[in-house]
Amino acid sequence: MHLYSGLLSLFGRKVEIALREKGVPYTCTMVPFSQTAGYAPKHEAVLAANPKGQVPVLVDGDLTIYDSTVILEYLEDAYPEPRLYPRDAKRRAMCRLAELEAGEVLLAPVRRLMFRTEPPGPDTAGREQQERDAAAAEPLIIASHDKLDQRLRGVEYLCGEFSVADIATFLTVLYTIRNGGPGLGRHDHLRLWYELLAARPAFSGIITEIAEADRALSHPVERKPD
Ligand SMILES: N[C@@H](CCC(=O)N[C@@H](CS)C(=O)NCC(=O)O)C(=O)O
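If you use our numbering, the sequence shown corresponds to residues 7 to 232, in order.
Right, dumping it as structure tokens:
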């Protein structure tokens, strides 16, 4: 099992957490990435495998696939234990929806904070505009946190049992915090869920690796107090 990923790739890290949770041994190539040039130059194997040129790409023997959701579904089929999707059809559908929302809906306003890890260039007016856009995104992020907090009231995990919904949502919240977005102090249920997941070995290892990559690659971002 070989994964092409990026040191700071949220979608690549999502696959890594799933592989570690399942205990599937894998090797990994971290493709070139810098905060100034992004994912460049593109890795040859990634370009050959994915018409979008994006990581993650997974190779398992004669199978090569891309897209974190497709990869997670394959891992579940090929390595069913421990399960990362609920068995019940309706819960499973809700789990897939929560995963989609984490990567496409909750992440949309968080993307507006991501410039902060790039070193500031000479265009100070442009950077100020980016900060204003980030400030405008904050209420949307807080509204998402409100909803997650409600959903986690009285339950341990988003879909009844630990699942890919937790993995995907955790990463969006982690990327919110590491990009100086709203903290979780006002959201007790969300904070407890976050702390519970962060203590799992698969998560804590990835959190440490992302922090190391940030120290090596990213412009330092001031985190918001909780
Ligand atoms: N929907 C895709 C998104 C993958 C994605 O956005 N990958 C980013 C890194 S996190 C990437 O490779 N970006 C480089 C590019 O778009 O050129 C997935 O879930 O795998």
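A virtual CB, placed ideally from N, CA and C, is assigned to each residue, including glycine.
- When DSSP states are grouped into helix, strand and coil, His8 belongs to the strand group.
- Nearest in C-alpha terms to Leu198, of all of Pro231, Leu158 and Ile173, is Leu158.
- Sequence-distant partners of Ala217 (beyond 5 residues in either direction) whose C-beta falls short of 6 Å from its own C-beta are missing from its chain.
- Within 10 angstroms of the beta-carbon of His225 lie fewer than 16 other beta-carbons, which makes it exposed.
- The Cβ neighbour count for Asp172, taken over all protein chains shown within 10 Å, is at least 16; the residue is labelled buried.
- If you draw a straight line from the Cα of Leu223 to the Cα of Asp152, it comes to about 32 Å.
- At a cut-off of 3 residues, the continuous stretches assigned as beta strand (DSSP E) that sit fully inside the region 11-69 are 33-36 and 63-66.
- Between Leu16 and Tyr181, the gap from beta carbon to beta carbon is short of 8 Å.
- Distances from the CB of Phe176 to the heavy atoms of ligand 1 are all 7 Å or more.
- If you check the CB distance, Pro115 and Cys101 do not come in under 8 Å.
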